[in-house]
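J.: When you line the sequence shown up against the UniProt record's numbering, it's residues 1 to 345, in that order.
My questions will all concern the structure given below.
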Amino acid sequence: MAELNGFVEDPTLWNDPERAQKIMRERTDLENRINGYLKLDRDLKDSVELIELGEMEDDATVVADAENTLRGLKDEIARQQVESMLSGEADANDTYIEVNSGAGGTESQDWTNMLLRMYTRWAEKRGYKVEVLEVHDGEEAGIKSATVLVKGHNAYGWMKTESGVHRLVRISPFDSQARRHTSFSSVWVYPVIDDKIEIEINESDCRIDTYRAQGAGGQHINTTDSAVRITHYPSGIVVSCQAERSQHKNRATAWNMLRARLYEAELKKREEKANAEQAGKTDIGWGHQIRSYVLQPYQLVKDLRTGVESTSPSDVLNGDLDGFMEAALAQRAFGKQPAEISDID
C-alpha cells in the first residue's frame with residue numbers, strides 16, 4: 001500500500017491515464033482488503049470482550065448477541081479467505097467463456113445452451129457485463145458452441161475452476177418415449193490478456209478464414225463475410241468471432257482471444273509441472289466430467305473434484321455457483337485432496 005500511495009502522490013502519474021487507472025484500481029482493491037481484515041480484527045476483539053463482560057455480569061442476552069456476531073464473522077472470514085486466493089497474475093482480469101456440445105445431437109446442444117444461460121445468470125448476479133462474441137446454433141434446438149466475454153473485477157479468478165466437462169442426466173424433452181438421457185458439454189475458460197503480459201505470435205503460423213455470421217443478430221447477419229476464424233497451427237487452437245458487423249473489429253477480437261488462449265495454455269503447463277489440479281480440455285464424455293447434474297429421477301448436482309453437492313439443480317442452473325467455485329479455489333490454494341469421490345447415477 002505504501003508503494004502504491006507513493007505512485008498516487010507522484011504529480012506525473014496522470015501523464016499516462018491508462019497506467020494511472022490501473023494503479024488506482026489496484027490501490028482501491030488493496031485498501032478494501034486491508035480495511036476488511038482490520039474490521040474483522042476489531043469485531044472479533046469486541047465480541048470476545050462482550051462475552052467476558054456478559055459472563056461476569058451473568059447477562060445471557062449480551063453473551064448470545066456476541067456469539068451471533070462471532071458466527072457472522074466466521075462467514076465473513078470464509079468469504080475474505082476466498083477473495084485472498086484470487087491473487088494470480090490474471091485473476092483480476094475479464095474472461096472468455098467457451099461452451100461446446102459433445103456427442104448426442106439435439107440433447108447435447110440443448111444442454112450446452114443451458115450451461116451458457118447458467119454462466120450468464122451467475123455473471124449478472126455479480127454485476128458483471130456479458131458480451132456474446134459468437135454462437136453456432138444447433139439444427140433443431142440449443143447451440144453447438146458459443147463464446148462470451150465476461151467483464152468485471154476478478155471475473156477470471158472466479159471462473160477459472162469451471163473449465164472441464166459437465167454432465168447432465170434428465171428425461172429428454174426431445175424423446176417421445178420420455179427416456180432418461182445423459183449429455184455432455186465442455187466449458188473452457190481463459191483470461192483477457194493485459195498489455196503487460198506479452199504473447200508473441202507469428203502470423204505465418206496462423207490461418208485466417210472469413211465467413212458469414214450465423215444466428216440471431218442485426219441486418220448484417222448472413223449478408224457479408226464479417227465473421228473471422230483464426231487457426232494457430234503449432235498449438236491447434238482455433239478461435240472465432242462474429243459479434244461485430246465489421247470484419248476488422250472481429251479480426252482484432254479474434255487475435256486477442258488467441259493471445260488469451262495461448263496464455264491460458266502456458267498457465268496450464270505450469271500447473272501440470274507443479275502437479276496442481278488440471279482443469280484442461282479433455283474428451284467430452286464419460287470419465288472426464290468435473291460435475292454432474294441429475295434432474296431425474298432425483299435432483300442433485302455434485303462436483304467430482306471437491307465433493308460439494310447441491311440438492312437444488314434449479315438454483316444452480318440459475319447461477320448459484322459460488323459454493324462450487326469457492327471449494328475448487330480452496331482446493332487449488334491449499335492442496336487439500338478429498339477422498340475418492342464417486343459419480344452419481
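Cβ coordinates follow ideal geometry from the N, Cα and C atoms, glycine included.
All of these numbers come straight from a predicted model, not from anything done at the bench.
Classify V8 as buried or exposed, calling it buried when 16 or more other Cβ atoms lie within 10 Å of its own Cβ.
T.: Per the 10 Å Cβ criterion, exposed.
J.: So for R25, helix, strand or coil by DSSP?
T.: In the structure shown, R25 sits in a helix (DSSP, three-state: H, G or I).
J.: Between H288, A327, V189, which has its C-alpha nearest residue 348's C-alpha?
T.: The structure shown does not extend to residue 348, since the chain spans only 1 to 345, so no value can be given for it.
J.: For V130, which residues of its own chain have a beta-carbon under 6 Å away from its beta-carbon, when the five flanking residues on both sides are left out?
T.: Around V130: T120, A123, V148, V150.
J.: Please return the same chain residues whose Cβ sits closer than 8 Å to the Cβ of D29, not counting the five positions on each side in sequence.
T.: Counting only Cβ-Cβ distances below 8 Å, and skipping sequence neighbours, we find A92, H153.
J.: Using a threshold of 9 Å, state whether the C-beta atoms of A254 and V228 are closer than that.
T.: Taking 9 Å as the Cβ cut-off, A254 and V228 qualify as a contacting pair.
J.: Please determine, among T106, D322, I171, G157, the residue with the shortest C-alpha to C-alpha distance to S145.
T.: With distances taken between Cα atoms, S145 lies closest to T106.
J.: Where DSSP assigns a beta bridge to D46, which residues make up the other side?
T.: Looking at the DSSP assignment, D46 forms no beta bridge with any residue, so it has no partner.
J.: Going by beta-carbon coordinates alone, are I344 and R305 separated by less than 9 Å?
T.: Taking 9 Å as the Cβ cut-off, I344 and R305 do not qualify as a contacting pair.
J.: Helix or strand or just coil, what does DSSP make of E57?
T.: Looking at E57 - three-state DSSP - the assignment turns out to be coil, as it is neither helix nor strand.
J.: Name the residue from H288, A265, T311, G319 whose alpha carbon lies nearest to the alpha carbon of G102.
T.: Nearest option by C-alpha distance: H288.
J.: Grouping DSSP H, G and I as helix and E and B as strand, with all else coil, what is A279?
T.: At A279 the pLDDT is 39, less than 50, meaning the model places this residue with poor confidence and gives no usable figure here.
J.: Would you list the residues sitting across from G36 in a DSSP beta bridge?
T.: DSSP output for G36 lists no bridge partner at all.
J.: My guess is that I230 and I208 are in contact by the Cβ rule of under 8 Å, so how many angstroms apart are they, rounded?
T.: Right, their Cβ atoms sit about 5 Å apart.
J.: Quick check: what's the CA-CA separation for L53 versus R27?
T.: Answer to the nearest angstrom: the Cα atoms are 39 Å apart.
J.: Assuming A333 and M118 make a contact with CB atoms under 8 Å, what is their CB distance in whole Å?
T.: Actually they are not in contact, since the Cβ atoms of A333 and M118 sit about 24 Å apart, beyond 8 Å.
J.: Taking the straight line between their C-alpha atoms, what separation do you get for C241 and Y190?
T.: So the two alpha carbons sit approximately 15 Å from each other.
J.: Report the residue from G104, S87, K39 whose alpha carbon sits nearest the alpha carbon of D175.
T.: Minimum Cα distance to D175 is reached at G104.
J.: Considering Cα atoms alone, identify which of V99, H136, I237 is closest to R261.
T.: Looking at the Cα atoms, I237 is the closest of the given residues.
J.: Can you name the start and end residues of the beta strand (DSSP E) that D110 belongs to?
T.: No beta strand (DSSP E) holds D110; the alpha helix (DSSP H) holding it covers 106 to 125.
J.: What is the DSSP secondary structure of Q242, reduced to helix, strand or coil?
T.: DSSP places Q242 in coil when its eight states are reduced to three.
J.: Alpha carbon to alpha carbon, what distance is there between W188 and N250?
T.: If I take the Cα positions, the gap works out to 20 Å.
J.: Using the beta-carbon count (16 or more within 10 Å), is W111 buried or exposed?
T.: Buried: at least 16 other Cβ atoms inside 10 Å.
J.: Let me confirm a value: residue 365 is counted as buried when at least 16 other C-beta atoms fall within 10 Å, else exposed. Which label applies?
T.: There is no way to answer for residue 365, as the model of the chain reaches only from 1 to 345.
J.: Could you tell me if L133 is buried or exposed, where buried requires 16 or more neighbouring beta carbons within 10 angstroms of its beta carbon?
T.: L133 should be labelled buried.
J.: What is the residue span of the beta strand (DSSP E) that D175 lies within?
T.: That residue, D175, is in no beta strand (DSSP E); it is neither H nor E in DSSP.
J.: Quick one: residues in its chain with C-beta nearer than 8 Å to the C-beta of R79, no 5 flanking neighbours on either side, listed in chain order?
T.: For R79, where only same-chain residues beyond five positions count, there are no Cβ hits under 8 Å.
J.: When you compare the CB positions of V99 and I290, do they come within less than 9 Å of one another, or not?
T.: In this structure, I290 does not lie closer than 9 Å to V99 by Cβ.
J.: How close, in whole Å, do the beta carbons of L13 and I23 come, if the pair is a contact with beta carbons under 8 Å?
T.: The Cβ separation is near 7 Å, so the contact holds.
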